[in-house]
Amino acid sequence: MIERNSQILFKLLSYSSSDEIDHHIKNDSFFNEANCKWKPYGGRENNAGQVEGQMKSSSNALVEKLTNSIDALLMRRCYEVEGAAPDSKDPKLPKSLSEAINKYFGNEDEINKKRSDWAKHHLVVLAEGDKKKPTLTVIDRGEGQSPERIQNTIVHLSGSIKQNVDFVFGKYHQGGSAAIRFCGSKARCYQLVLSRRAETIADKSKPNDYGWTLVRRNYKSRTAFYEYCTDKDGSTFSFKFEKSLKIDGLDIEFADGCLIKLYDYYLDNPSNITFGRKSLAFDIDQKLQKSPLPIYLQDMRGWRGDTKYTIAGLLRRIEDNKDIVADDITLPAGLGEVGVRNIRCIRLKHISDAKGVDSYKSQREKLFYIENGLALGCETESFLRTDCELPALAPYLFCYIDMSDIPVELANLFHAGREEFAHTDDYRTLKDRLKTFFENEIFEKWDKEYQEKSSASANEDNKELDKLIEKAIVDDPELKELLGIGEEIKIPKGKE
């Protein structure tokens with residue numbers, strides 16, 4: 053039976069659509085009731101509300117998977133470096149995520165030097181299958197889980213596994229379950245989970261096997277719920293580790309950590325995940341403004357052009373592109389119940405003064421509420437332009453408010469899914485205080501300067517247009533009469 057477990061896993065891994073998975077389940081005796089048992093996800097049958105109520109955006113749900121992967125990488129390094137459990141409250145453990153990154157992976161410069169190569173071997177997102185609905189695989193070389201722990205961690209809901217860990221993203225222990233609802237269709241929704249405890253931290257007194265399960269959406273009396281499969285005794289499917297698993301399309305092999313495969317994953321823009329203004333890479337860069345660790349993306353669906361990309365985060369890319377930055381200042385602001393916060397304001401150079409500003413200038417989101425590099429919410433250009441009365445400056449201004457140590461009693465300010473703000477009195481007060489902050493004479497001065505630059509640029513554009521029209525009329529004098537242009541344009545003799 054153990055050998056059969058590995059055969060089925062390899063078969064499921066080879067599929068790139070939910071239809072293939074569904075067909076296999078219905079036609080392979082392995083999944084018959086005599087051999088296979090389906091358990092409710094998180095140990096409760098009425099789980100759809102919790103799974104589906106976390107995220108409204110499929111790309112944000114995927115980011116939650118990635119933050120879980122970053123947590124797992126940090127936890128692994130904690131065991132390896134400290135020889136202590138991350139939740140042990142040992143005084144030598146890092147007190148924040150940024151401290152842990154520096155201690156376990158090096159400073160920003162050290163990480164940036166090997167960004168793509170490191171990500172390719174430690175944290176990867178692959179796209180395959182249909183060009184309209186890709187199957188995505190998230191692979192990390194984090195702590196991983198032994199087969200007997202998968203049911204209490206990866207396919208669990210609630211609990212307090214990370215509650216006592218000071219240096220991670222995830223405190224909610226949802227297992228990154230928000231992404232499942234975006235897989236496949238209502239009738240065919242599947243997620244594959246494969247994990248193995250990191251070899252360096254595994255219990256040496258017992259075999260360190262691979263463990264796997266398949267998650268699906270099912271229905272009872274027309275009510276949806278989520279469940280995962282185990283063997284007939286309720287144990288996680290497992291098989292012996294003999295060698296690392298080869299992953300199609302990657303130069304590396306999967307030896308330990310965690311692999312999550314999301315079949316037919318819905319994306320607002322399902323085209324090349326690595327390229328374009330509305331691509332998955334763009335969305336992740338927006339959400340992970342300063343990703344603590346780099347993430348490697350690869351699209352294997354046959355697109356032309358670039359199909360590989362390493363996530364660093366929008367803020368880090370702006371920082372790296374110093375030629376487009378005019379000013380970078382940090383000012384304190386009293387924001388009501390949230391307290392005094394530092395707001396970092398980056399003014400880009402005017403489009404008339406620098407190349408490469410266009411793509412940033414056209415971006416709608418301009419002000420971000422940040423926790424450990426993760427955007428908890430944002431305000432758009434219209435807020436800066438209209439509410440704060442900075443019409444000329446708004447397209448060029450990026451602002452970052454550090455919310456890392458927000459008081460626990462104000463946590464209700466954020467939507468549980470870390471996608472947006474809850475509409476509360478505290479949020480209204482926050483926005484009012486921000487309007488006051490942007491009344492600072494610095495921003496008024498910048499706005500006036502950019503009004504003048506925009507006017508001058510428009511005048512130059514008009515002059516260029518006049519020259520083009522004049523040249524066209526000189527070449528074809530009949531245009532002068534058709535356009536109703538007076539004597540201000542003189543036609544040289546011989547051209548009449």
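In this note's numbering, each number is its position in the sequence shown, counted from 1, plus 52.
Glycine included, C-beta positions come from ideal geometry on N, C-alpha and C.
Secondary structure of residue i, DSSP reduced to three states
i	result
Trp-498	helix
Cys-241	coil
Ser-58	helix
Asp-247	Per the sequence shown, the amino acid found at residue 247 is Ser instead of Asp. Strand at Ser-247.
Ala-254	coil
Val-390	helix
Leu-145	coil
Pro-384	strand
Lys-550	Residue 550 lies beyond the range of the chain shown here (53 to 548); nothing can be said about it.
Tyr-317	strand
Gly-309	strand
Asp-454	strand
Leu-366	helix
Lys-78	helix
Lys-339	helix
Lys-284	coil
Leu-332	helix
Lys-214	coil
Lys-298	strand
Ser-69	coil
His-225	In this prediction, His-225 has a pLDDT of 45, which is less than 50 and means its spatial position is unreliable; what the coordinates show is noted afterwards. The answer is coil: DSSP assigns His-225 none of H, G, I, E or B.
Bridge partners - residue i, DSSP secondary structure assignment
i	result
Pro-92	Glu-279
Leu-449	Arg-399
Asn-270	Phe-277
Gly-263	Ser-247 and Ser-290
Start and end residues, beta strand (DSSP E) containing residue i
i	result
Ser-290	289 to 291
Tyr-348	347 to 351
Thr-362	360 to 363
Nearest-angstrom Cβ-Cβ length linking residue i and residue j, presumed shorter than 8 Å
i	j	result
Asn-57	Ser-290	6 Å
Gly-194	Ser-121	6 Å
Ala-385	Ile-363	Rounded, the Cβ-Cβ distance is 29 Å, inconsistent with contact.
Ser-66	Gly-181	Actually they are not in contact, since the Cβ atoms of Ser-66 and Gly-181 sit about 11 Å apart, beyond 8 Å.
Gly-94	Leu-266	Contact flag wrong, Cβ pair sits at about 16 Å.
Asn-79	Lys-284	Incorrect: roughly 19 Å between the Cβ atoms, too far for contact.
Ala-444	Asp-499	5 Å
Cys-320	Lys-185	What sits at residue 320 in the sequence shown is Asp, not Cys. Not a contact, Cβ separation roughly 12 Å.
Glu-116	Ala-231	7 Å
Boundaries (first-last residue) of the alpha helix (DSSP H) holding residue i
i	result
Leu-125	110 to 134
Lys-374	Lys-374 -> no alpha helix (DSSP H), and no H or E assigned at all.
Gln-197	Counting along the chain, Gln-197 falls outside any alpha helix (DSSP H), and DSSP gives it neither H nor E.
Arg-485	477 to 489
Val-103	100 to 104
Near the ligand GDP: residue i beta-carbon under 8 Å from a heavy atom
i	result
Pro-443	Absence of the ligand GDP from the depicted structure is noted, as is the absence of any ligand whatsoever, leaving it without description.
- [ ] Let me know the beta strand (DSSP E) ranges lying completely inside the stretch 156 to 192, each 3 residues or longer, listed in chain order.
- [x] Runs found: 175 to 181 and 186 to 192.
Task: Inside the stretch 392 to 446 only - beta strand (DSSP E) runs reaching at least 3 residues - done: With a minimum length of 3 residues, the continuous beta strand (DSSP E) runs that stay inside the stretch 392 to 446 are 392 to 400, 417 to 423 and 426 to 432.
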